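In my numbering, the protein residues as written are 65 to 1080.
All residues carry an ideal CB built from backbone N, CA and C; glycine is no exception.
In this text the structure is predicted, and so the values were computed from the model without any measurement.
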């Protein structure tokens, strides 16, 4: 191999880029303080991106940073999956072996997809979370490695990056929050045409404020002069500088080439184009060196020395001599790892490659492929299948290319590089008809296809079918986000199945299930039509894995959309069929669905038993996707029956497991469920933090919407009405209209009613209730229905004194009562809610029975729901005071003290204000002798209202017109109007109805003071 070789065309002096280097050094300093930095460096080919990275890396290394450099590898037009990350992680492993091993501990099988040296990657079913899990674990790995060492991760030539590399980079740049890490990525800006795949990523990253972009400009004349002086080792003549500057237009690489050409006697305008100039330099080398350059040009970005020797077929001495000549001429350079060669600049490689004849190109690719077939050890093991497939494909040998491409697709799938798998499968489909029948007959599904389960055939002996490729491609497209392409593939597959005379209902049903998932993912429907079609296709057929999957999918869909007896039956059959055919993963998922549906049907202990069993089994087996689901669904069901504390314990364990396994979206769901349970338990500050984590961690709509709903509820309960409206709008937008589910729609309706009531918009609250009642409450939705009915009943009771609320009230109350009668109450929490709803309905009718409210309080006391208990205690105190009597007053006093204390602890200002106002009207002390009194002043005074404005507000709350107010207070209607305007301004509301709602919510006036007189 070659030792150090002088490269005359590279200036030893680094020219310009002072501002850019300053930006990079600033990023290094910030990273050293624990703030990760990300920079994208763009510029046209030859402008000096690599040289800038080299200068910065050298300076960073002198300051103690660890440099991990990875380049996107191009083979023909194919990028190797995750190539820059694999290379960079290898560099980190060399520099920090102990730290990287410790950071990867426990997840070596998963991380081996990027760095095979860590071990053997786990086999198994591929799901939507697989790639996200790998990405999250990679982010955690980098954060841990950079916890104690400043690390510079530099990824070059992003314009060649494969889709999986682009996705991983995007994920890292969006999620890295800790660590002493600088991430740099370079790309050719002149290559990024309108349809270039990197363009959408750049647009996405531009929207992130945490990422800086540097665009390297061309050199000006002075910088070109300094560069030429460095190359020539003396000051150039001004005329020469002018000529080279004009010819190169300030491009650093072309300056080098033109300077060397001029130094060696060539005129700067000798050739018609700069590309020709590059070829002239190649053609001036000895013929063996030219041959080597042509071989390297077709081999990819870098060619290993042993592979080059096998393809060139020179004697070792002749090869060394040819390489020395190419390196001395500045055409080739040793690769950074020291194990191969690459062109010193990709522009030269492109010029040489473009100059190859078609037959010459095919011959070189064939020789590369033959060399790799003879000795796979010539290249790194994780690159062998992909490179062999590429070489055979570009050699135009379909017989060899088809099995090689299929093998490469399997390799990509194992690495979760689904975008590359899809591209390779599409290439295999392209080759299918060109490959000889004899070759196709040797291919087996067991070797190349895994997503379609065997149904009545042996995948080890049955020939691979074109439909198998379509099945693999459909799933790969779904998993990599190319849902539109995947949907077209399923359509093609179903058309082919329709054309087959013998038919294949199992395979057709399987493709319809894929279409269901794609339709939902593309927001084009709820997917039920496709599921129903699949069910019809397998109806009456013997048990099979496809049949079990269809039933499990139908049961899960029904659980989310239309829970009830049919869903329960489908789940039971799915479990039975999956068990009969040994489909363990399908069985586990179906048992989780079955358990939840059984709890909804009242079989609480049996259903929870199923779910606990599945959780324990999948944790023991390490089935990441089902581990995530079990720690989302089980605590959700527990919360649904009021066992919030039990749910919190499982959720905390779920956070630990999903964090370890890299299940980011499952973790987000767990945070959102945790927020819900913490709200129930009265741990509101923790709940708000959990809801925020759900929104930050979530990558799908569900956790975002659920987190927003939780924050909306807390804002309402704390009197922050505008904030509640903002969060509610976020929740509604997150779910969208395309796939309605009760678990999404009913909480939105409940909060919409609550917000409308808080803003005095009773008509809007009634309209939302009407929509909910019309849609109905399916079995299993009681956890969402009871709070909704309660909110509606409370709004009616609170507005009883308003004349405008009288019309239609009876129908509304009948609707609420009718819905309540149909809801199940098999859990204590929902039995308590039923009693509460009935008590509120009585209050709305003007009947407030202390005995009824006492039963509600008794029902809530053992439930560990402090806010709900405080609210019903307030109502009991109110009803006791309405009855009168010393015993009742004493009991009401204690109830209000408890209510006020809990409300103050929670920050539930409206409830605390109401308790104070009721105590003040009844002249009840809310503190015992010796205790400090409540800090809050009279709420009317706190609002800044004068005594006259208090009187006017009382009459506004009673529904009087300005004319009637003027008569009551012996003032003019104009003066009354001025007072009303002042009140609206001080309350921050827009109308009389909202002002009345504020007065009612704060309990400013006793009910008897609000009874309206005759209309004025």
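Since residue i contacts residue j with CB under 8 Å, what's their CB separation in whole angstroms?
i            : j            : result
residue 1086 : residue 152  : Lying outside 65 to 1080, the shown extent of the chain, residue 1086 is not represented and no answer is given.
residue 763  : residue 196  : 7 Å
residue 892  : residue 927  : 6 Å
residue 795  : residue 772  : 4 Å
residue 1089 : residue 466  : This structure gives no information on residue 1089, because the portion of the chain shown stretches from 65 to 1080.
residue 214  : residue 128  : 7 Å
residue 981  : residue 1068 : 6 Å
residue 694  : residue 658  : 13 Å between Cβ atoms; not a contact.
residue 293  : residue 302  : Not really, about 12 Å apart at Cβ, beyond 8 Å.
residue 49   : residue 1050 : Since the displayed the chain opens at 65 and closes at 1080, residue 49 lies outside it and no answer follows.
residue 483  : residue 227  : 3 Å
Candidates the options: which alpha carbon is nearest residue i's?
i           : options             : result
residue 165 : 530, 210, 193       : 210
residue 324 : 296, 343, 311, 306  : 296
residue 350 : 388, 379, 316       : 388
residue 194 : 419, 539, 530       : 539
residue 233 : 253, 203, 242       : 203
residue 182 : 208, 286, 150, 199  : 150
residue 848 : 805, 874, 862, 825  : 805
residue 653 : 627, 698, 625, 670  : 698
residue 158 : 261, 184, 130       : 130
residue 877 : 904, 192, 895, 960  : 904
residue 343 : 395, 300, 377, 258  : 395
residue 386 : 956, 369, 745       : 369
residue 353 : 364, 373, 341       : 373
residue 431 : 363, 476, 487       : 363
residue 692 : 827, 735, 671       : 735
residue 616 : 627, 641, 629, 606  : 641
residue 647 : 611, 631, 634, 675  : 611
residue 730 : 756, 754, 767       : 767
residue 791 : 759, 421, 384       : 759
residue 75  : 112, 103, 89, 270   : 112
residue 870 : 826, 313, 438       : 826
residue 588 : 1060, 361, 801, 231 : 801
residue 846 : 894, 906, 752       : 894
residue 114 : 307, 222, 718, 90   : 222
Taking the DSSP output, what are the residues bridged to residue i?
i           : result
residue 251 : 106
residue 927 : In the DSSP output, where bridge partners are listed per residue, residue 927 has none listed.
residue 405 : 367, 398
residue 794 : Answer is none; residue 794 lacks a bridge partner.
residue 135 : 220
residue 130 : 215
residue 246 : 101, 216
### Message
Pairs of beta-carbons, one from the region 76–95 and one from the region 235–253, closer than 8 Å: are there three or more?
### Response
The answer is yes - the region 235–253 touches the region 76–95, with three or more Cβ pairs under 8 Å.
### Query
With contact counted as at least three CB pairs below 8 Å, one residue from each stretch, are the region 510–517 and the region 443–451 in contact?
The region 510–517, when compared against the region 443–451, does not touch it at the 8 Å Cβ threshold.
### Query
Using 8 Å as the threshold, is the region 821–837 in touch with the region 848–860, meaning 3 or more CB pairs across them?
Cβ pair count under 8 Å is three or more, so yes.
### Task
Would you list, in sequence order, the uninterrupted beta strand (DSSP E) runs of no fewer than 3 residues that lie entirely inside the region 266–303?
For the region 266–303, whole beta strand (DSSP E) runs of length 3 or above, ordered along the chain, are 275–279.
### Task
Answer yes if the region 677–688 comes into contact with the region 704–712, meaning at least three C-beta pairs across the two stretches below 8 Å, and no otherwise.
No: the two stretches stay apart, fewer than three of their Cβ pairs being nearer than 8 Å.
### Message
Any contact between the region 169–186 and the region 706–723? By contact I mean 3 or more CB pairs, one from each, below 8 Å.
### Response
The answer is no - the region 706–723 does not touch the region 169–186, with fewer than three Cβ pairs under 8 Å.
### Query
Just checking, does the region 681–698 make contact with the region 725–733 on the three C-beta pairs under 8 Å criterion?
Because the criterion of three Cβ pairs below 8 Å is met, the region 681–698 and the region 725–733 touch.
### Task
May I ask you to verify whether the region 76–85 touches the region 276–294, counting CB pairs closer than 8 Å and requiring at least 3?
Flag = yes, the region 76–85 and the region 276–294 touch.
### Query
What runs of the alpha helix (DSSP H), each 4 residues or longer, lie entirely inside the region 788–834?
Whole alpha helix (DSSP H) segments, 4+ residues: 806–822.
### Query
Quick check: the region 480–493 against the region 234–242, are there 3 or more CB pairs under 8 Å?
Too few Cβ pairs lie closer than 8 Å, so no.
### Message
Using 8 Å as the cut-off, can you tell me whether the region 919–936 makes contact with the region 946–957, which would need three or more C-beta pairs spanning the two stretches below that distance?
### Response
Proximity of the region 919–936 to the region 946–957 falls short of the contact definition, fewer than three beta-carbon pairs being nearer than 8 Å.
### Query
Where are the alpha helix (DSSP H) runs, 4 residues long or more, that stay fully inside the region 414–463, in chain order?
With a minimum length of 4 residues, the continuous alpha helix (DSSP H) runs that stay inside the region 414–463 are 422–438, 448–458.
### Query
At which residue ranges does the region 1021–1045 contain complete alpha helix (DSSP H) runs of 4 or more residues, listed in the order of the chain?
Every alpha helix (DSSP H) of 4 residues or more that sits fully in the region 1021–1045 is shown, in chain order, as 1026–1033.
#### Entry: contact_flag[the region 251–268, the region 96–113] where n(CB pairs < 8 Å) is 3 or more
Under the three-pair Cβ rule at 8 Å, the region 251–268 counts as touching the region 96–113.
### Message
Threshold first: 4 residues or longer. Then list the alpha helix (DSSP H) segments lying entirely within the region 936–1000, N to C.
### Response
Whole alpha helix (DSSP H) segments, 4+ residues: 950–970, 973–985.
### Message
Count Cβ pairs between the region 540–557 and the region 475–488 that sit closer than 8 Å; are there 3 or more?
### Response
Touching, yes.
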